[in-house]
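Participant: Just so we're aligned, residue 1 is where the sequence shown starts under the UniProt record's numbering, counting upward by one.
Just so it is clear, CB atoms sit at the ideal spot from N, CA and C, and this is done for glycine as well.
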Amino acid sequence: MQTVTSLLEAHPNARQWINDGYNILRMKNGYCYSATMRSNVKIVSGTKTEDRVSQREIARRKRVDVRLRGIAEQKFQAQLDADAESELKRERKKIDLRERKTRQEKEDAESRRQAEVAEADQRVAVERQRLYSMLEVKRSLAAEEEWALRQREEICTDGKRNRADIETNVLRERQRLLKIIRTTVTQLQLSPHQIGMILGEISDGLRLLTER
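1. Going by Cα to Cα distance, which pick from Q151, R182 and E73 is closest to T168?
2. Measure the CB-CB distance between L178 and L141 and report whether it falls below 8 Å.
3. For R26, does the three-state DSSP call read helix, strand or coil?
4. If you measure between the beta carbons of G143 and V170, is that distance less than 8 Å?
5. State buried or exposed for E91, treating a residue as buried only when at least 16 other CB atoms are found within 10 Å of its CB.
6. Got a sec? Which residues, its chain only, sit under 7 Å from D65 by beta carbon, not counting five neighbours each side?
7. When you compare only the Cα positions, how much space is there between K62 and R98?
8. Could you check if E87 is buried or exposed, using at least 16 other CB atoms within 10 Å of its CB as the buried criterion?
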């Protein structure tokens with residue numbers, strides 16, 4: 001602690017510093033005070049007015065400290081709130097990005113699945129159509145074979161045609177069937193193995209007709 005007497009002995013302007021500090025404190029409503037007032041000064045000598053002024057200065061100084069601390073705490077808390085809000089926004093943005101990415105991946109997976117299903121359906125439809133076409137060919141061959149058989153039976157029964165006429169009729173029918181089969185095979189784009197199977201069945205049928 002320093003006294004007015006010791007301050008005066010230390011520097012002749014000490015009294016003026018004290019008065020200036022008090023006036024500044026009073027004019028600024030407690031928000032500004034000089035370096036002299038920030039020093040730890042306690043007036044222990046002088047008049048009663050000086051003692052009262054010193055006590056008021058100490059009380060004012062405490063109030064100013066409280067206010068300044070309050071302002072500092074408010075600013076600090078505001079900064080903390082702003083930082084927390086910024087961090088929260090960043091976290092929300094990250095979460096939104098992850099959710100958007102997850103939704104996009106799900107949509108892409110669903111699109112790929114639908115494309116695969118559509119491709120599989122298309123393959124099944126093509127295969128089904130090919131099998132139906134092969135079945136129609138076999139039905140046509142069976143019908144032609146049955147017709148040739150009836151023709152031969154009728155000819156043999158009536159006795160109006162000889163064997164040469166029968167063979168000629170069968171040969172003509174064979175050529176007509178081969179033409180139909182050749183056109184059908186070209187349209188179906190069958191494999192060589194499938195073509196061989198069909199021709200084998202035709203040959204067997206025609207051979208049976210000829211033998212009869």
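Facilitator: In short:
1. That would be Q151, whose Cα lies nearest to the Cα of T168.
2. No; because the gap between Cβ atoms is not below 8 Å, this pair is not in contact.
3. Confidence at R26 is low in this model, with a pLDDT of 43, below 50, so the placement of that residue is unreliable and no value is reported for it.
4. Per the sequence presented here, residue 143 reads as Ala, with Gly not at that position. For the pair A143 and V170, the CB atoms are not nearer than the 8 Å cut-off.
5. It counts as exposed.
6. The answer is none, since no qualifying residue turns up.
7. Take the alpha-carbon of K62 and the one of R98: they are about 53 Å apart.
8. The residue is exposed, with fewer than 16 neighbouring Cβ atoms inside 10 Å.
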